[in-house]
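First comes the structure, then the notes that go with it.
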Amino acid sequence: MSALLEVSGVSVSFDGFRAINNLSFSIGPAELRAIIGPNGAGKTTFMDIVTGKTRPDSGAVTFGERSVSLLSMSEAQIARAGIGRKFQRPTVFEDQTVAENLTMALKAHRAPWRVLFWREGAVDRARVEALAAEVGLADALPRKSGELSHGQKQWLEIGMLLAQEPRLLLVDEPAAGMTLAEREHTTQLLVEMAKTRAVVVVEHDMDFVRRLDCKVTVLHEGAVLAEGSLDHVTKNQQVIEVYLGRG
Amino acid sequence: MRQLFLSLVTALLVALPGLALAQSAVDILDANRALVEKPTRAKIAPVISELAASGDPVAATVLAAWAEKGLGLRKADGTFFLIEKTADGWALRDLTGAEAGVAASSDIVELRPNAGVRGLIATALVQFTLSDPDPAKRAAALVSIARDPEAAHLEPLRASLATEVDPALKAQKDRLERLLTLRFDTDSAARVAAIEGFGSDLGLDLRAALNPLLATSRVAYAGDLPGGANVARVLVPGADLSEAEAYDLLVAAGMAPARLTVEEARAALLANVVDGAVGGVPVAELGTQAARDRAYTALEAAGAVPAAATDAEVAAAVAAHGFAEVYAEPDAQVTAAAKAALDGIALKVGAMQTADLALDAVSLASIYFLAAIGLAITFGVMRVINMAHGEFIMMGAYTGYVVQLFITNYTLSILVALPLAFAVTFAAGVAMERLVIRHLYKRPLETLLATFGISIALQQIAKNIFGTQARPLTAPAWLDGALTFNDVVSISYIRIAIFVLAMLFLLFFLWLMKRTRLGLEVRAVTQNPTMAASMGINPDRINMLTFGLGSGIAGIAGVAIGLFAKVTSELGSDYIVQSFMTVVVGGVGNIWGTLAGAFLIGTLQKGIEWLNPSNTLAAQTYMILFIILFIQFRPRGIIALKGRAAGD
Amino acid sequence: MTRQSFTERSFLAKNPSVLWFILILAVFTLGVTVLSEAYGVAFLSTSFVKTLGKTLCLCLVALAMDLIWGYAGILSLGHMAFFALGGYMLGMWLMYARTEEIVVAALAQGGLPATPEEVRQGIAVQIFGVVGASELPAIWAFAHSFWAQMALVVLVPGGLALVFGWLAFRSRVTGVYLSILTQAMTLALALYLFQNDSGLRGNNGLSGLQNLPGLSDASQDAVSMWFFWGSALALGLGYVLLSWVVSGKFGSVIRAIRDDEQRVRFLGYSVEGYKLFVFTLTAVIAAIAGALYYPQAGIINPAELAPIASIYLAVWVAIGGRGRLYGAVIGAAFVSLLSSWFTGGRAPSVPLGFYTVNWVDWWLVLLGLSFVLVTLFAPKGIGGLFDLWQGLRGPDRKGAPLGPDDGALMEKEARE
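Chains as they are written, first to last, in my numbering: chain A, 1 to 247; chain B, 1001 to 1648; chain C, 2001 to 2416.
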């Protein structure tokens, strides 16, 4: 299985602090992966690098069958290439309705001129409704997304990610602040999504990671400490030291 | 060579008194009575020279009186008197100054020399003033000669050189003698020696003396270069001068017929309208240049109008002649020496000008720094944009003006105004923070607009109170004048004072932020307000004090700026954009960045002004364009915050 | 119910304010026509008709400002520069063509028909004598052609906006930085035009623009009405165009950029491209408004580009209520008419006993302070009253109520 995303030997430092240190990572085209690690391990920075927000000092990041380098692309280009990102705090456009949020995310031409003349067709409408149903927001379509609950916003954001039809999804702490039932729903969504695309979940919560039941990568001080099933990595002496030794 | 020359002069001077004593002034006058009575410039010259050379102390009195219509001739016996108009005639004194009674108006002929003769007399008198016993008069004479040098001054000056006892005046005379020598001496070797004698001198007077030597004029000539002309360079039409200019030279020299101007052609055509046509071309068709040319050519052929040069003729005439730039000064040796000397001077002056420009740039940078430092605090530290910052500067300046209305001692008034301006603007800043800005934290664009509303209101209130005309804010006398290094490099004391003030503020700011409790708390609130609050720091109080501080410094800057700029209600808005640029270019949140920004902008503005001195508006335009481009390459300014904190 | 609420309906049905606006504008235009000196009962003076026509142009540029600021969240302090540039471009043709008529008439007195060179020379002296020049600058090369200058009305301000915007947005200058940068651009342009050798007559500016070349018979009464109609038409078209622009997905995207541009990037939209598009489009609209405004004003000079003018524009939009197009129109009309009433000396002075408040002197103070009050207490401006009237309350949004307050770079830094 060839890798969809290939990160090799990437390093980045801020003011002398090495946030990412010679990190290598790869994920296949239809795979669910959890990334765990203590605070400051470089999880967020890793996502920043993949999505183009932060430029690494060295290393290579390639994507897709043709191994396109992501380093020279802008955030928007990377997103169009098929990488979606969900932030830790739900970030939806609160001033706009759920329908508008989803419509904006729908896979379509992104150039200003094309968007200006874009008018909603029946296919688009059906797609928006299907997505809303998928994330449990079918009844909320005309509501302003600012009025939604925290969990609903998380789902809306996941719905927007689905609408983008990405090949790789980066999800930052999707379960934070959710009720148990909401967590259950989120887990299902992620597992379902990973059947057709690559999903990387960054998470603190071991319990949630266990539910995902997937390969786990442990980051520490900007580098991969261990990789494997959750049981495998939790038995790793170094991992135990990092987590317990540091509290 | 020069030594030889000087010894000759000295010999002459030694010989003179012997000759001069041969005749007294009275004798000379008597001998030339007719000529003195009706002088002409040409004929009287030897007489005046003789008088001047006589060595008779009376001669100076006589010459001075003559020039000022104070010399008279008694009709009865032809005796000369010094005369003075009285109510009913003349009061007479003899030439030595002794009283000699009175005379009726009709008995005396008042001598009235014309301007030319008076000029001769004045020149002759120079010798006497240059040797006057009073050093002040001698110094004055030197100044007047330096201001308006003439060839005739050279001899008297040389003559007085030997007898000069005052060493300072002697040095001045020596310098002036050489300046006159290089311009007026007849011996080219002496002139070259005089030029070279100045060595590395940069004086303006020297440049003023040398420049006319290199004055050129353009000449046209047929065939070879005219002999005897001191050619600066040969001009090639098309490269060094346009064909039109070349032809104009030919016309001016009478070597070619004038070209026909559009107006002349028009007039000629109008004068020859016959039956609604000119030269066979109907008037109605004369709306193009080609048609007019045809008509004129027809008239030319008929002999009705003079022939005018056509373009081809012009080209031929230009090709047939040579053109050159010729020095007015005929002596090639002298011009070569002058050119070499001026080139040397230009090089040194260029270096000096660079130094002067650097001083100018530093002082402008200090002003920008002063204007921007308050902003660096409110914008840079608090991230609050205050468009009324300029109006705080204006309030400071007006505070200074009001203080001077009550305290007339300028030194004292400035000392009072500085803290008072701080107090006034500090209070205004705190009030603004409490009433407006506090409610708009986290809404920077609205802060910008609200503070702009305040700025509009404050400006108009100032206009209503103080009127639209500029108010004076006078600097103490000890700040007048300038520190002058030489003719090129100088800097006014006010600007030095502003530089010092700017440096003081820099130190004050560093001390405040790095060494005081307040500074610590400010930094804490800036970096993490929530954390700071949880540690017992009251962010409200800190924000209020910080804002007051920034505003107060703007007030002090206002007093400083008011000292050299006009105090008007628009004073602040003149500086606000530059101040923001300074902060943004330097890098927000870093005082060294503000300093660097001020220096960059100051240097840049002075540099552009130097490239295009006539146009300060253009300089500002280009500076702003540069800044817009600069931000392309360093969006976070010269000194940027790095790392995650800077990420967006 | 859900199906109805977001599904396809006609543009006008979704935007009832457009119909209302067109209706009110039409009634207003008709009313003014009926009351005008040229085509009606002569109740309104020609100068007042001109004031109204100019106000319509200001409403149009306020619309543009609302799109760029209220919708896209870019507080541009440079749009009055584009407005004035548009005025300059059309003014060049007006002044050239008018001067040409005068010069040709004068030369015809001379007995010979004038040659093109003579005419050109005469025009140059007539126009540029005042700044001591006698040659037409190169930028006047197209001034003889109405259509060329009309094209330049769009191309010059649009081109400037394109270049400036490309530079500014490319380097991700946002928030107050961008505001200050646009202000600097305006200042640079104004200072440039103040020079005598700028080719646009320095601080004399262009004058005599109220005279239409080729129509010297037409009275100012009639001309003022024509321009009034033109301005009303432009405003109506502008309103429809901008309503259409903001109603669809494009409007969604630019409002999203206003609220969180980083998020929009991760959706795959090129934020810079959208900003540039909106910046340039609004610059062009501003320029067209300016081209209609200055012939009614009769004169244009570099003082019109002063940074303060662009700030007044922001004031109008803020007072009217940004983020809704009719708010911008109301704000511009209300504040600019009130302003000319107060500064025209017609407002009664207020005697306070110890001091008499003369509104010519105190209007700006009032404006400045009321602007502060609106910002503090009524961020929705006058337009907010419509919400009350309709009994609608805006959603209780937790995010920034009006615009990209977190869009500013520094805010982000402070937060992290």
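Even glycine gets a Cβ: it sits at the ideal position worked out from N, Cα and C.
Does the CB of residue 2117(C) have a neighbour CB from chain B at under 7 Å? Taking the third sequence and counting its residues from 1, the one referred to as residue 2117(C) is at position 117. Answer yes: the Cβ-Cβ gap between residue 2117(C) and chain B drops below 7 Å somewhere.
Whose Cβ in chain B lies nearer than 7 Å to the Cβ of residue 2184(C)? For the purposes of this step, residue 2184(C) is identified with residue 184 of the third sequence, where counting begins at 1. Here the neighbours are 1577, 1581, 1624, 1627 and 1628.
I'd like the list of long-range same chain contacts for residue 195(A), defined as Cβ closer than 8 Å, with 5 residues on each side in sequence excluded. Taking the first residue of the first sequence as 1, we reach residue 195(A) at position 195. Cβ neighbours of residue 195(A) beyond the five flanking positions: 30.
Please state the DSSP three-state secondary structure of residue 1221(B). As a first step, residue 1221(B) is located in the second sequence; it is residue number 221 there, counting from the start. Reduced to three states, the DSSP call for residue 1221(B) is strand.
Can you find a CB in chain C that lies within less than 7 Å of the CB of residue 1457(B)? By 1-based counting over the second sequence, the position of residue 1457(B) is 457. Yes, contact with chain C.
Return the chain-ordered ranges of every alpha helix (DSSP H) run that is complete within the stretch 1206-1276 of chain B and spans a minimum of 4 residues. 1243-1252 and 1262-1271
Is any beta-carbon of chain C found at less than 7 Å from that of residue 61(A)? On the first sequence, residue 61(A) is found 61 positions in, with the first residue counted as 1. Answer no: the Cβ-Cβ gap between residue 61(A) and chain C never drops below 7 Å.
Nearest to residue 1558(B) by alpha carbon, out of 1360(B), 1367(B) and 1543(B)? Here the question's residue 1558(B) lines up with position 558 in the second sequence. When each option's Cα is compared against that of residue 1558(B), the closest is 1367(B).
Residue 1076(B) to residue 1142(B) span [Cα, whole Å]: Here residue 1076(B) corresponds to residue number 76 of the second sequence, with the count starting at 1. Here residue 1142(B) corresponds to residue number 142 of the second sequence, with the count starting at 1. The alpha-carbon atoms of residue 1076(B) and residue 1142(B) are separated by roughly 42 Å.
By the criterion of Cβ-Cβ separation under 8 Å, what are the contact partners of residue 273(A) in chain C? Residue 273(A) cannot be examined here, being either before or after the span of chain A that is shown, 1 to 247.
Report buried or exposed for residue 2020(C), applying the criterion of at least 16 other Cβ atoms within 10 angstroms of its Cβ. Here residue 2020(C) refers to the residue found at position 20 when the third sequence is read from its first residue. Looking at its Cβ environment, which holds fewer than 16 other Cβ atoms inside 10 Å, residue 2020(C) is exposed.
Beta carbon proximity, residue 2361(C) to chain A, threshold 7 Å: Along the third sequence, read from residue 1 onward, the residue named residue 2361(C) stands at position 361. Answer no: the Cβ-Cβ gap between residue 2361(C) and chain A never drops below 7 Å.
Nearest residue (CA-CA) to residue 2228(C), options 2027(C), 2139(C) and 2051(C): The sequence position of residue 2228(C) within the third sequence is 228, counting from 1. Minimum Cα distance to residue 2228(C) is reached at 2051(C).
Ignoring anything shorter than 4 residues, give me the alpha helix (DSSP H) runs that lie fully in the stretch 78-147 of chain A, in order along the chain. 98-105, 112-116 and 122-134
Alpha-carbon to alpha-carbon, residue 2246(C) and residue 144(A): For the purposes of this step, residue 144(A) is taken as residue 144 along the first sequence, with counting starting at 1. For the purposes of this step, residue 2246(C) is taken as residue 246 along the third sequence, with counting starting at 1. If you take the alpha carbons of residue 144(A) and residue 2246(C), they lie about 17 Å apart.
Can you list, in chain order, the residues of the stretch 2257-2268 of chain C whose Cβ is nearer than 7 Å to any Cβ on chain A? 2259, 2260, 2263, 2265, 2266, 2267 and 2268
Chain C contacts from the stretch 66-78 of chain A (Cβ-Cβ distance under 9 Å): 74, 75, 76, 77 and 78
Sequence-distant residues of its chain with Cβ nearer than 8 Å to residue 2012(C) (five each side left out): In the third sequence, the residue the question calls residue 2012(C) occupies position 12. Answer for residue 2012(C): 2018 and 2019, listed in chain order.
Using 8 Å as the cut-off, can you tell me whether the stretch 1374-1386 of chain B makes contact with the stretch 1435-1444 of chain B, which would need three or more C-beta pairs spanning the two stretches below that distance? yes
Does the Cβ of residue 2355(C) have 16 or more other Cβ atoms within 10 Å, making it buried, or fewer, making it exposed? Taking the third sequence and counting its residues from 1, one reaches residue 2355(C) at position 355. Classification of residue 2355(C): exposed, given that the 10 Å Cβ count is below 16.
Cα-Cα, which of 146(A), 109(A), 85(A) and 41(A) is closest to residue 12(A)? On the first sequence, position 12 is the one that residue 12(A) refers to. Considering only alpha carbons, the answer is 41(A).
Any beta-carbon of chain C closer than 7 Å to the one on residue 25(A)? Here the question's residue 25(A) lines up with position 25 in the first sequence. Not closer than 7 Å to any Cβ of chain C, the Cβ of residue 25(A) fails to qualify, so no.
Does DSSP put residue 150(A) in a helix, a strand or coil? In the first sequence, counting from the first residue as 1, residue 150(A) sits at position 150. Correct three-state label for residue 150(A): helix.
Check distances from the C-beta atoms of the stretch 1590-1622 of chain B to those of chain C and list, in chain order, the residues that come in under 7 Å. 1615, 1617, 1618, 1620 and 1621
Under the three-state DSSP convention, the category residue 2309(C) falls into: Translated into the one-based positions of the third sequence, residue 2309(C) becomes position 309. Three-state result, residue 2309(C): helix.
Kindly list, in the order they appear in chain C, the residues whose Cβ is closer than 9 Å to that of residue 208(A). Within the first sequence, numbered from 1, the residue matching residue 208(A) stands at position 208. Simply none; closest approach about 23 Å.
How long is the line joining the alpha carbons of residue 1482(B) and residue 1490(B), rounded to whole angstroms? As a first step, residue 1482(B) is located in the second sequence; it is residue number 482 there, counting from the start. As a first step, residue 1490(B) is located in the second sequence; it is residue number 490 there, counting from the start. Rounded to the nearest angstrom, the two C-alpha atoms are 6 Å apart.
How would you list, in chain order, the residues of chain A whose beta-carbon sits under 8 Å from the beta-carbon of residue 2255(C)? Taking the third sequence and counting its residues from 1, the one referred to as residue 2255(C) is at position 255. Near residue 2255(C) (Cβ distances below 8 Å), the residues of chain A are 93, 95 and 96.
Using only CA atoms, which one of 1088(B), 1327(B), 1587(B) and 1110(B) lies nearest to residue 1630(B)? If you number the second sequence from 1, residue 1630(B) lands on position 630. Nearest C-alpha to residue 1630(B): 1587(B).
Please name the residue in 2353(C), 2368(C), 2349(C) and 2367(C) whose C-alpha comes closest to that of residue 2359(C). Taking the third sequence and counting its residues from 1, one reaches residue 2359(C) at position 359. Looking at the Cα atoms, 2349(C) is the closest of the given residues.
Residues near residue 1681(B) by beta carbon distance below 8 Å, same chain, minus five either side: Lying before the first or after the last residue shown, residue 1681(B) is absent from chain B, which here runs from 1001 to 1648.
Between residue 2071(C) and chain A, is there a C-beta pair that is closer than 7 Å? In the third sequence, residue 2071(C) corresponds to position 71, counting from 1. Cβ-Cβ to chain A under 7 Å: no for residue 2071(C).
Which residues does DSSP pair with residue 1482(B) in a beta bridge? Stepping through the second sequence from its first residue, residue 1482(B) is reached at position 482. Beta-bridge pairing links residue 1482(B) to 1492(B).
Could you name the residues of chain C that residue 100(A) contacts, counting a contact when the two beta carbons are closer than 7 Å? Position 100 of the first sequence, counting from 1, holds the residue named residue 100(A). Going along chain C in sequence order, the residues near residue 100(A) (Cβ under 7 Å) are 2252.
Reduced DSSP category for residue 1470(B) - H, G, I as helix; E, B as strand; rest coil: As a working note, residue 1470(B) is residue 470 in the second sequence. Coil at residue 1470(B), not helix or strand.
Count Cβ pairs between the stretch 2080-2090 of chain C and the stretch 2283-2299 of chain C that sit closer than 8 Å; are there 3 or more? yes
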